[in-house]
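For the sequence shown, counting from 1, position 246 maps to 246 in the UniProt record's numbering; every step adds exactly one.
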Amino acid sequence: MTASPSEAGTGRDPRAPYDLAVVGAGSAGLAGAVTAAELGLSVALLDSSPQSGGQFYRHPAPALGAVRPEALHHDWSAFSGLRRRLGESTVDHLSGHHVWSTVREADGTWSVHAVTGADGTAEAPALIRARTLLLATGAYERQLPFPGWTLPGVVGAGGAQAMLKSGLVLPGRRVVVAGSGPLLLAVASSLAAAGARVPAVVEAAGYLRYVRSPRVLAANPAKAAEALVHGAALLRHRVRVLPRSAVTEVHGTDRVEAVTVSRLDGDWRPVRGTGRRIVCDALAVGHGLVPQIELATALGCDTRPLPDGTLGLALDDLQETSVPGLWAAGETGGVGGAELARTEGELAGRAVAARLKGRRADVGRVGELRRRRDRMRAFADVMSAAHAPGPGWSAWLEGDTDVCRCEEVTAGRVREAVAELGARDARTVKLLTRAGMGWCQGRMCGTAVACLAADGGAAEPPAERRPFAVPVPLATLATLAETETETETETESTGPTRERPGTP
């Protein structure tokens, strides 16, 4: 198993742990890593992608020869500034590192285990040791199933944007954008600007809930300006916005040919007789984002319920979790956008440096960051509440609608497990039907299974303590077992020196 990369010429002992390991090279991770390095810490920055930027600043590989990659991004200058600082810093950027477990050692340091390569199948796994840990793992898209959602041509809204930003390709020529959340406006305007025909943006929620929080809106004028920019782009491209509506069925044989859009009542139930077809060859759909907190919950970190029913990490004023020595920033604490993520990342980086250096952080700068974070976090909560799925969305489902795509478990089978076999929670449904046991480990179907298990309620799956955050080859586990056996043999007089990854 490989350890940290060579540090020849840096003056750092390669056998010593880093001061800080940062997992995730998006906005929060970049800000945290460069801030900590500029304050004198040795930092390792791990990310699964070959390039920094995360999902928000995903951009084409140099081989594609994109002349203006910034044209598809909002606030590109902030990212380019972080990328420049990263290049000038002493941070070891470890791309292609898929972190599957983090372990707190007996001496208080952290071991970060990763599989390597573009898809995590390279032969050499990696082990990075650090005194402190910052999780900036971002979020993934929440999907609510409906008849036809497994047809080719149906992609996630974020997935459509990723295809465009990183591959410079469109999911189709005529693309309906649907679901709920402010991401839809950004996706639709990007697709339209790139040449796609976007017949409609179908938003399941309304926008009036924002008006109920005038003080929060007034404190975040940049968010209103951003919405106006997207709105103007949609007007320019003649894209209709249909609030309080949802795609309730997709039509086609070999791929998407049309969708049915229905009006929704206040609980997100389709209003009878309002369905109408829109011809298209692709559908980009997503119902918000879910914080990716598996690494943290495996360590027992406390969580907090978010207004949209998802779970985020419970963090203190300086971004530290309930586990000492473990910080988190960005979407892990609740989805709020790139600017909030950068703010939290810098705040966490300063807090870690102050802790390890044994001195007070810059009070003025920390106070400014905290005020900015609190202001943007308040807006994030308003946004989360405004787009929270209503309990009636499951009325979209038919008995043969696949809920779990990996294991091909239908809504009918899940309802049978609840009504006839007595399942009352997502875990029991999983044991009875295999829903959530596939490759994605419930990331695609978790919300739907939890809601159906709650008999139509708006429940989200509970935070699970899983030993593996990503798929791991058996050869990697065998190598790890051999390493641990050697360690235990060498220290048998004092007992085992560390836990196995994933153990409570």
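Heads up, the beta-carbon is just placed ideally off N, CA and C, and yes, glycines get one too.
Residue of the options minimising C-alpha distance to residue i
i	options	result
Pro-50	Gly-117, Val-91, His-113	Gly-117
Ala-469	Ala-157, Asp-402, Ala-296	Ala-296
Ala-193	Arg-466, His-237, Cys-445	His-237
Val-429	Cys-440, Glu-416, Ala-61, Trp-439	Glu-416
Val-271	Glu-38, Gly-392, Cys-440	Gly-392
Ala-114	Gly-399, Val-352, Ser-48, Ser-189	Ser-48
Ala-478	Ile-293, Ser-52, Pro-125	Pro-125
Cys-451	Leu-432, Arg-465, Val-418	Val-418
Val-43	Pro-14, Pro-324, Gly-54	Pro-14
His-59	Tyr-140, Leu-94, Ser-77, Leu-168	Leu-168
Cys-440	Gly-206, Arg-377, Tyr-140	Tyr-140
Ala-63	Gly-81, Glu-123, Thr-121, Ser-166	Ser-166
Pro-467	Gly-325, Ala-298, Gly-337	Ala-298
Ala-380	Pro-152, Thr-137, Asp-308	Asp-308
Straight-line gap, residue i to residue j (C-alpha atoms, nearest Å)
i	j	result
Leu-20	Ala-314	21 Å
Thr-102	Arg-131	12 Å
Cys-280	Leu-264	21 Å
Ile-278	Ala-224	30 Å
Asp-119	Met-163	17 Å
Ala-258	His-251	5 Å
Ala-448	Trp-268	14 Å
Arg-83	Asp-254	42 Å
Gly-333	Glu-339	14 Å
Arg-500	His-98	Because Arg-500 carries a pLDDT of 36, less than 50, the predicted location of this residue cannot be relied on, and no value is offered for it.
Leu-135	Arg-365	22 Å
Asp-406	Gly-438	It should be pointed out that residue 406 corresponds to Cys in this sequence rather than to Asp. Roughly 5 Å separates the two Cα atoms.
Asp-374	Ala-475	45 Å
Ala-246	Gly-206	11 Å
Ala-157	Ala-282	11 Å
Pro-17	Val-198	51 Å
Glu-486	Leu-480	Note on Glu-486: pLDDT 47, under 50, position unreliable in the model; no value is reported.
Val-175	Leu-184	12 Å
Gly-275	Val-112	51 Å
Leu-86	Arg-304	32 Å
Arg-370	His-230	28 Å
Val-202	Met-376	26 Å
Arg-129	Ala-160	36 Å
Ala-36	Val-23	14 Å
Glu-492	Asp-316	Caution applies to Glu-492, whose pLDDT of 42 falls short of 50 and renders its modelled position unreliable; the model cannot decide the point.
Thr-321	Leu-151	41 Å
Gly-412	Thr-248	17 Å
Where the beta strand (DSSP E) containing residue i begins and where it ends
i	result
Ser-262	258–263
His-237	No beta strand (DSSP E) holds His-237; DSSP gives it neither H nor E.
Glu-141	139–141
Thr-428	Segment 426–433 is the alpha helix (DSSP H) holding Thr-428; no beta strand (DSSP E) there.
Gly-156	154–156
Thr-303	303–305
Val-285	282–287
Ala-44	43–46
Opening and closing residue of the alpha helix (DSSP H) in which residue i lies
i	result
Thr-248	It is not in any alpha helix (DSSP H) - Thr-248 instead sits in the beta strand (DSSP E) that spans 245–251.
Gly-312	Counting along the chain, Gly-312 falls outside any alpha helix (DSSP H), though it belongs to the beta strand (DSSP E) covering 311–313.
Val-414	411–419
Ala-380	363–386
Ser-111	Unbroken run through Ser-111 is the beta strand (DSSP E), 110–116; no alpha helix (DSSP H).
Cys-451	446–453
Arg-277	Not the alpha helix (DSSP H): Arg-277 falls in the beta strand (DSSP E), residues 276–279.
Leu-144	Note, Leu-144: premise wrong, no alpha helix (DSSP H); not H, not E.
Ala-136	No alpha helix (DSSP H) contains Ala-136, which DSSP labels as neither H nor E.
Ala-124	Looking at the DSSP string, Ala-124 is not in any alpha helix (DSSP H), and its letter there is neither H nor E.
Residue i beta carbon near the ligand FMN (any heavy atom closer than 7 Å)
i	result
Thr-137	The model depicted lacks the ligand FMN and carries no ligand whatsoever.
>> When you compare the stretch 176–195 with the stretch 379–394, are there three or more beta-carbon pairs, one atom per stretch, that lie closer than 8 Å?
In response: yes
> Is the stretch 141–149 in contact with the stretch 281–291, if contact means three or more CB pairs nearer than 8 Å?
Replying inline: yes
>> When you compare the stretch 23–36 with the stretch 336–344, are there three or more beta-carbon pairs, one atom per stretch, that lie closer than 8 Å?
In response: yes
> If you pair each beta-carbon of the stretch 104–122 with each one of the stretch 73–91, do three or more pairs fall below 8 Å?
Replying inline: no
> In the stretch 163–217, which residue ranges form an unbroken beta strand (DSSP E) of at least 3 residues, counting only runs that do not cross its ends?
Replying inline: 175–180, 200–203
> Considering only residues of the stretch 76–102, which uninterrupted beta strand (DSSP E) runs meet the minimum length of 3 residues and lie entirely inside it, listed in chain order?
Replying inline: 92–94
> Quick one: any contact between the stretch 293–310 and the stretch 202–221, if contact means 3 or more CB pairs under 8 Å?
Replying inline: no
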